[in-house]
Amino acid sequence: MNSNAAAAVIAAVSAPRSPHGRGRGIRAALLALILVLAGGWAAHAGIFSRPVAYAIDIAFERFPANDLAIEHWLDRMDGVSSIKISRAAGRLNVKFEARRDMGAALLFDLAHICENYGYLGRTEFNGKLFDSRQQGSTYSTFWVEFGQLPTDDRAVTDWLKLQPGAAKIQVRRVGHVVVFEFQNSTPPVPTILGDILQQCEQLGYHRRAGFVHAFGQHHPKGSGI
523 MNSNAAAAVI AAVSAPRSPH GRGRGIRAAL LALILVLAGG WAAHAGIFSR
573 PVAYAIDIAF ERFPANDLAI EHWLDRMDGV SSIKISRAAG RLNVKFEARR
623 DMGAALLFDL AHICENYGYL GRTEFNGKLF DSRQQGSTYS TFWVEFGQLP
673 TDDRAVTDWL KLQPGAAKIQ VRRVGHVVVF EFQNSTPPVP TILGDILQQC
723 EQLGYHRRAG FVHAFGQHHP KGSGI
């Protein structure tokens, strides 16, 4: 509870009144306390915040009869809603929203869990997430999964540092996923992702399984992947 709300509650209870008026004051103070606590809980739970939008496109050679298993898997996730699943030209398209930013981990989990539900022969995937609260940010975060990696990421980090306008560069690994995060002096353009993928191929990053991008968004270590 903030200090102003606390002061209001104390004042309502301690102010001199007749017994009848004091009873009304206590009820009003309790109501104010309940509203303050409920507002704080709602803010913490993210009920009134704008949702984060997720989307992933996955190519498979074989599909199960329907997509209900994936829909149920997502529906069990806390805070996930607005699930939309479709198929087109050998690709599974999944879109949903989440009350809070789960990072890219959920999309990678989704790409891998499909094997358990009859989606076979995955060849590639690409996903994106968009947090509207960060709209206008000059940060970008890319998560790329490779089957084969060089010993370390120093060469690609040095290359990224030479790109015009790039600053606050971080490159890290989580298993076979390489995370690129940096800040541009101007809003980033989608072509930089293609440049990074091309440079990775030349530096020994092979058998790319897929990637997730978040243009104009900051996803530091600890927020998912």
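Just so you know, we're using the numbering used here here: the sequence shown kicks off at 523 and counts up by one.
All C-beta atoms in this analysis are idealised placements derived from N, C-alpha and C, irrespective of residue type, glycine included.
All values reported here derive from a predicted model rather than from experimental measurement.
The residue from Phe-630, Asn-588, Asp-600 and Leu-596 with its alpha-carbon nearest to that of Ser-608 is Asn-588. Rounded to the nearest angstrom, the Cβ distance from Cys-722 to Val-678 is 6 angstroms, consistent with a contact under 8 angstroms. Taking the CA atoms as reference points, Ala-611 sits about 20 angstroms from Glu-593. Under a 10 Å Cβ-count criterion, Pro-686 is classified as exposed, with fewer than 16 other Cβ atoms of the shown protein chains found around its own Cβ. By the C-beta criterion, the segment 651-671 is judged to be in contact with the segment 572-581, since at least 3 inter-stretch pairs fall below 8 angstroms. Per DSSP, reduced to three states, the secondary structure at Tyr-727 is coil, with no helix or strand assignment. The secondary-structure analysis by DSSP pairs Glu-703 across a beta bridge with Thr-663 and Gln-692. Counting only residues of its own chain and dropping the five nearest sequence neighbours on each side, Arg-572 has a CB closer than 7 angstroms to the CB of Ser-654 and Arg-655. A direct Cα-to-Cα measurement between Leu-725 and Pro-672 gives close to 7 angstroms. In this structure, Ala-581 and Thr-645 form a Cβ contact; the two beta carbons are roughly 5 angstroms apart against a cut-off of 8 angstroms.
Going by beta carbons, Gly-643 and Glu-583 fall inside the 7 angstroms limit.
A Cβ-Cβ contact shorter than 7 angstroms links Gln-705 with Lys-690. Distance between Asp-597 and Val-666, taken at the CA atoms: about 26 angstroms. Of all alpha-carbon atoms in Val-699, Ser-603, Leu-614 and His-634, the one lying nearest the alpha-carbon of Arg-622 is that of Ser-603.
Each residue's CA atom was taken as its position, placing Tyr-727 and Phe-668 some 6 angstroms apart. Per DSSP, the beta-bridge partners of Val-734 are Gly-649 and Trp-665. Annotation for Glu-593: the continuous alpha helix (DSSP H) segment containing it runs 590-597.
Looking at the DSSP output, Asp-680 sits in no beta bridge, so it has no partner there. Residue burial is scored here from C-beta neighbours: Thr-713 has fewer than 16 other C-beta atoms within 10 angstroms and is therefore classed as exposed.
CA-to-CA, the gap between Leu-715 and Thr-660 works out to about 14 angstroms. Taking 8 angstroms as the upper bound for CB-CB distance, Ala-633 and Phe-647 are in contact here, some 5 angstroms apart.
A residue is called buried once 16 or more other Cβ atoms fall within 10 Å of its Cβ, and Asp-675 is buried on that count. Ala-575: member of the beta strand (DSSP E) spanning 574-581, first to last residue.
Using a 10 angstroms sphere on the CB of Leu-629, the tally of other CB atoms reaches 16 or more, which defines it as buried.
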